[in-house]
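See below for the structure under consideration.
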Amino acid sequence: MVGLATPCATSAATPRVPTGPTVRGMDVSGHQGAVDWATAWHRGARFSYVKATEGTGFRSPTFRAQYDGAARVGMLRGAYHFGRPDVSGAAEQARYFVAHGGDWSPDGRTLPGVLDIEYNPYGPDDCYGLNPAAMSGWIAEFSDTYHALTGRFPAIYTTRNWWNTCTGSNPDFAGNNPLWVARYGPRVGALPAGWHTHAIWQHDNRGPLPGDQNLFNGDMAALERFAMGPTAP
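Mapping to full-length UniProt numbering: the sequence shown position 135 is 135, numbers consecutive.
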């Protein structure tokens, strides 16, 4: 995704994850342009996340075509928002996201929206000028606003190093917000503070699928339950 720094190395002692069934997926943005969804499906992709918005001033021009293209071939799909704590408030950004593609419904095909919160690609301060308490408050406000608008808490996409640095290893989000962790390599490694498991692992930025390569931590039935929400049987 935009601004993702070089992933951290993992040690040989880190257990391999996943150890059970997984589902392959991808995430795309305007960088990928027109996506060959049929080929991606043939290569095993069963879900995709698509960039919808950034801050309160950017809507991806490829979002609708990509989002609908994923649905047409049968993929579960969801939208993500690239958070910009340096440009506007969290509630404003959550509302902008929901208004421009980030909404969720319990239709079994729509994945929860995602807050992509990571390294600042626009300046030298990885934490967008916020201290850990202010950053944690910003993320909480985005999460709470998204939940109020959609009935679902957003997933959070981040890296362990960014999270532990910029939120001060805040453990308070693991209870409500599924984790989409970025770490390139053969093992998912240690997770950001608070989370004991992940929902999605972005393990590479190249591979057989367009865009970034992802694995859902479970089988297809679990992915479908994830789409339906925490009340799904």
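Glycine included, every Cβ here is placed at the ideal spot set by N, Cα and C.
All of these numbers come straight from a predicted model, not from anything done at the bench.
| Query | Result |
| --- | --- |
| Straight-line gap, Pro-210 to His-31 (C-alpha atoms, nearest Å) | 10 Å |
| Between the CA atoms of Ala-71 and Trp-138 - distance to the nearest angstrom | 32 Å |
| Buried versus exposed, by CB contacts within 10 Å (16 or more), Ala-155 | buried |
| Spatial neighbours of Tyr-157 in its chain, beta-carbon cut-off 6 Å, leaving aside the 5 residues before and after | Val-114, Asp-116 and Trp-180 |
| Neighbourhood of Trp-90 by C-beta distance below 6 Å, restricted to the same chain and skipping five residues each side | Residue 90 is actually Ala in this sequence, not Trp. Trp-138, Glu-141 and Phe-142. |
| Tyr-184 and Asp-204 closer than 7 Å at C-beta | yes |
| Which of helix, strand or coil DSSP assigns to Val-87 | coil |
| Backbone secondary structure at Ser-48 - three-state DSSP | strand |
| Beta bridge counterpart(s) of Arg-77 as assigned by DSSP | Ser-48 and Thr-110 |
| Residues of its chain near Pro-85, where Cβ-Cβ distance is below 6 Å and the 5 sequence neighbours each way are ignored | Tyr-128, Leu-130 and Trp-138 |
| Continuous beta strand (DSSP E) assignments of at least 3 residues falling wholly in the region 95 to 167 | 114 to 116 and 155 to 158 |
| C-beta atoms of Ser-136 and Thr-110 nearer than 7 Å | no |
| CA nearest to the CA of Gly-33, picked from Thr-62, Gly-25 and Arg-24 | Thr-62 |
| Cβ pair Arg-182, Tyr-146 closer than 7 Å | Note that residue 182 is Ala in the sequence shown here, rather than Arg. Their beta carbons are not under 7 Å apart, which means Ala-182 does not touch Tyr-146 by this criterion. |
| Assigned secondary structure, His-42 (DSSP; H/G/I helix, E/B strand, else coil) | helix |
| Neighbour-count burial assignment, Thr-39, 16 or more Cβ in a 10 Å radius | exposed |
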